[in-house]
Amino acid sequence: MASTGVFGLKRHNHWKQKWGAKGPEEQTDAVIIVGNIRIPVHNTILAAGSQYYRQWLAIRPRKTEIPEIQLHYVNVHTAWRVIELLYCQSYTLKPCRHADQPGVSLYIFK
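If you're matching positions, the sequence shown starts at 102 in our numbering and goes up one per residue.
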């Protein structure tokens with residue numbers, strides 16, 4: 102049985118075997134913060150789509166904690182669309198869901 106994720110991606114039950122009960126978001130290794138919204142992401146996906154991010158990863162000191170990237174002067178809907186584009190190779194004009202709920206974490210695959 103498949104369910105549709107936030108970006109319209111199909112989420113199949115076999116992902117639970119590969120990724121764990123919560124899906125791919127358990128394996129995220131960075132967080133993008135826009136205002137009070139946290140968006141867990143995958144470094145490899147962002148680095149594949151962004152030369153700037155790839156360079157930032159290369160010069161960033163290796164630390165044990167998950168990197169958190171705070172975006173200033175960026176609207177959460179704009180950041181969401183850029184992340185959607187990196188993950189899906191397309192984007193929608195729909196507003197970011199749950200962006201009106203302070204402190205919420207937005208997951209790509211839910």
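We treat Cβ as the ideally placed atom computed from N, Cα and C, and that holds for glycine.
Quick caveat: nothing in here was measured; it's all calculated off a predicted structure.
Per DSSP, what are the beta-bridge partners of I138 in this structure? According to DSSP, I138 bridges with V135.
Based on the DSSP output, what are the partners of I170 in its beta bridges? I133
Does the beta-carbon of Y188 have 16 or more other beta-carbons within 10 angstroms, so that it is buried, or is it exposed? When all chains shown are included, Y188 counts as buried.
Any contact of the segment 161 to 171 with the segment 129 to 145, i.e. 3+ C-beta pairs under 8 Å? yes
What's the C-alpha gap between P141 and L147? 11 Å
Determine the extent of the alpha helix (DSSP H) in which N176 is found, giving its start and end residues. First-last for N176: undefined, no H or E at that position.
Indicate the three-state DSSP secondary structure (helix, strand or coil) for T145 in the structure shown. helix
With a CB to CB cut of under 6 Å and the five nearest residues on each side skipped, what residues in its chain are close to L186? Y192
Find the nearest neighbour of A180 within the set K164, I138 and H143, judged by alpha-carbon distance. It is I138.
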